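K.L.:
There are 2 protein chains.
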Amino acid sequence: MQTVLVIEDEQDLAELIAFHLEKEGFHPVVVADGLAGLNEARNNPPQLILLDLMLPGMMGTEVLRILKGAEKTAAVPVVVLTAKGEEIDRVVGFELGADDYVVKPFSVRELMLRVRAVLRRNGEAPKPSQMALGPLTIDTEQHLVTVDGEEVQLTSTEYKLLMNLAERPGRVQSREHLLQTVWGYNYIGDTRTVDTHLTRLRSKLGAAGDMIKTVRGFGYKMEQ
Amino acid sequence: MQTVLVIEDEQDLAELIAFHLEKEGFHPVVVADGLAGLNEARNNPPQLILLDLMLPGMMGTEVLRILKGAEKTAAVPVVVLTAKGEEIDRVVGFELGADDYVVKPFSVRELMLRVRAVLRRNGEAPKPSQMALGPLTIDTEQHLVTVDGEEVQLTSTEYKLLMNLAERPGRVQSREHLLQTVWGYNYIGDTRTVDTHLTRLRSKLGAAGDMIKTVRGFGYKMEQ
DNA sequence: TGCTAACTGTCAGTTTTTTGGAAGCTTTCT
DNA sequence: AGAAAGCTTCCAAAAAACTGACAGTTAGCA
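Going down the list, the sequences are from chains A and B. Residues 1 to 224 (UniProt numbering) make up the first sequence, in order. Residues 1 to 224 (UniProt numbering) make up the second sequence, in order.
1) My output table needs one value for residue 238(A): the three-state DSSP class, helix, strand or coil.
2) Put K23(A) into one of helix, strand or coil per three-state DSSP.
3) According to DSSP, simplified to helix, strand and coil, what is I138(A)?
4) Taking the alpha carbon of V115(B) as the reference point, which residue from E10(B), R171(B) and A18(B) has its own alpha carbon closest?
5) Only counting runs of 4 or more residues, tell me where the alpha helix (DSSP H) segments fall wholly within the UniProt domain "OmpR/PhoB-type" (128-224) of chain B, in order along the chain.
6) What distance in whole Å lies between the Cβ atoms of E176(B) and T191(B), which are believed to be in contact at a cut-off of 8 Å?
7) Anyone know if the C-beta pair for A41(B) and T73(B) falls short of 7 Å?
8) Return the bridge partner residues of A83(A) from the DSSP annotation.
9) What residues match up with D52(B) in a beta bridge as DSSP calls it?
10) My output table needs one value for L5(A): the three-state DSSP class, helix, strand or coil.
11) With a 10 Å radius around its C-beta and 16 neighbouring C-beta atoms as the bar for buried, classify D52(A) as buried or exposed.
12) Which residue's Cα is closest to the Cα of P45(A): H20(A), Q180(A), V78(A) and G25(A)?
13) Select from D195(A), L5(A) and H20(A) the residue whose C-alpha is nearest the C-alpha of N43(A).
14) So what does DSSP say about V76(A), is it helix, strand or coil?
15) Would you report the Cα separation of G206(A) and L162(A), rounded to the nearest angstrom?
16) Assess, as a yes-or-no matter, whether the segment 54-65 of chain B is touched by the segment 30-38 of chain B under the definition of 3 or more beta carbon pairs within less than 8 Å.
17) Please confirm if G25(A) has its CB atom under 7 Å from at least one CB of chain B.
18) How many angstroms separate the CA atom of V80(A) from the CA atom of Q130(B)?
19) Check the DSSP bridge columns for V30(B) and list the partner residues they point to.
20) If I'm right that V147(B) touches I138(B) with Cβ under 8 Å, what's the distance once you round it to whole angstroms?
21) May I have the straight-line CA-CA distance separating A14(B) from T199(B), to the nearest angstrom?
22) Since L201(B) and E151(B) are thought to touch, with beta carbons under 8 Å apart, how far apart are those beta carbons, to the nearest angstrom?
23) Below 7 Å CB to CB, which residues in the same chain sit around V118(B) once its five sequence neighbours on both sides are set aside?
24) Hey, would you say G219(A) sits closer than 7 Å to V182(A), going by beta carbons?
25) According to DSSP, simplified to helix, strand and coil, what is N44(B)?
26) Out of L21(B), M222(B) and V63(B), point me to the one whose CA is closest to A132(B)'s CA.
27) Going along chain A, which residues have a C-beta under 8 Å from residue 301(B)?
28) Nearer than 6 Å: is that true of the beta carbon of L55(A) relative to any heavy atom of the ligand COA?
29) Between G60(B) and G60(A), what straight-line distance do the alpha-carbon atoms span, to the nearest angstrom?
30) Just to check my reading of the structure: L154(A) and M211(A) have Cβ atoms closer than 8 Å, yes? What is that Cβ distance to the nearest angstrom?
31) With DSSP as the reference, label E71(B) as helix, strand or coil.
32) For H143(B), count neighbouring C-beta atoms within 10 Å of its own C-beta (all shown protein chains included) and say buried if the count is 16 or more, exposed if not.
33) With burial defined as no fewer than 16 other Cβ atoms inside 10 Å of the residue's Cβ, what is the status of V215(B): buried or exposed?
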């Protein structure tokens, strides 16, 4: 069952949306303000979030920023509801990271279309639970990494960093890109930090450490 | 340069769209009916197609069906323009395979947003982005250059220089131009520097080194 | 709840690699 | 042959990356 979190303060609208979501086979969870939405999203990450940008208390864009910045919720697609005239570019583009939007007043039908479309896009690539690259083995289900059969203890950051590189072996990823995907959408930090963690990761991986190649001036890549 | 094919019979609207696409940095190609659109799409596949569903002669949905059914064009994302009340579900959903839609009357801004969004989504996935010129192979994703199958280690400047030449084989590029594009717009430096790097590049490329021709008095070019 | 160990991000010193340009040599053209 | 353009070698300076230390934070455990 796919859960959709609806963050919407107008009760009538929220009910209407929930009703239709249910009709479409989703499991809607409705909350009335941004804070509640953040909590719910954190404690029980849904498959998709519908976020009204005009919320009381906390700016909707602020909620969006936090959602995309937090580790647990960064990957959850967000469709925003917005009134005409707001700065959609900023919200949907890279800056805030919404995945789609619907302009008020909208037809419920249109909203459902967008919801389905976004879920379709994001659900397409189910990740394999096991990977093997040379001496390196990653089991995403067990969260287990081995080198030459020996288990390697990685911290969460190291693990995510490794996953990012290993998922697309051969592909060069810039420090900025890694910061975005590993550290979160709008993390602001030193790109040197990536270096540090890379060093730690390499040393922990031992023999497999030099499977991670430095591409000077561009970033890092996993050897194929 | 990203090409967008616009299939639209209302000339005013077509021009408006083309104007804005150009402003956004795309290369618009406009045709007025479905048949011409199919031909153009087949002969010169664009990065995205904007299709008006209300076309004379051939039903827009029919054009869409053919586009999505043909091998060469199936992967090209399509954004449809549609009047309210048409059966959007059918068009956008799995049945016909449009990637997004905009309902007439629409704001140009919204259209551009959708165009950018669709291109972003589709650009993320598999772009083989490989080039081959004789014994030379360049993989931009992996940042890997090979000559006769052997990997060649290039520095960042050498790589950028090679890319500049290889992207437009046959075209002569002046030292000034190369300085601008490789070293940056407001770099101030000696054009002799280009010589130095070219020498290094040629020597590293080994057998493929003399694919880069000197055009005395003008600059350099990549052999076609 | 308080204590401890582990994890993180930042920084600064060190090492490695790249880079730009100078100078002399070679080729090409007239 | 002389001049102009291009090629090559070399080296100091700059850039990029690596690494270890440190302090703040978090998470686990008693």
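Even for Gly, the Cβ is constructed at its ideal location relative to N, Cα and C. Owing to the predicted nature of the structure, the values given are computational and were not obtained by experimental measurement.
P.N.:
Reading from the atomic positions:
1) What the structure shows of chain A is the stretch from 1 to 224, and residue 238(A) is not part of that stretch, so it cannot be assessed.
2) helix
3) strand
4) A18(B)
5) Uninterrupted alpha helix (DSSP H) stretches at least 4 residues long and entirely within the UniProt domain "OmpR/PhoB-type" (128-224) of chain B occur at 156-167, 175-183 and 192-205, given in chain order.
6) 6 Å
7) yes
8) K104(A)
9) L81(B)
10) strand
11) buried
12) V78(A)
13) Nearest option by C-alpha distance: L5(A).
14) coil
15) Going by C-alpha positions, G206(A) is about 13 Å away from L162(A).
16) yes
17) Judged by the 7 Å Cβ criterion, G25(A) is not in contact with chain B.
18) 37 Å
19) V6(B)
20) Contact check for V147(B) and I138(B): beta-carbon distance about 10 Å, past the 8 Å limit, so the pair fails to qualify.
21) 49 Å
22) Not confirmed; about 15 Å, so no contact.
23) Taken in chain order, the residues that qualify are L48, P77, V79, D99 and D100.
24) no
25) The three-state secondary structure of N44(B), taken from DSSP, is coil.
26) Among L21(B), M222(B) and V63(B), the Cα nearest to that of A132(B) belongs to M222(B).
27) Here chain B comprises residues numbered 1 to 224, so residue 301(B) is not present and cannot be evaluated.
28) The model on display carries no ligand, and the ligand COA is accordingly not part of it.
29) 38 Å
30) Not really, about 14 Å apart at Cβ, beyond 8 Å.
31) DSSP places E71(B) outside both helix and strand once states are collapsed to three, so it counts as coil.
32) buried
33) An exposed status is given to V215(B), since fewer than 16 other beta-carbon atoms sit within 10 Å of its beta-carbon.
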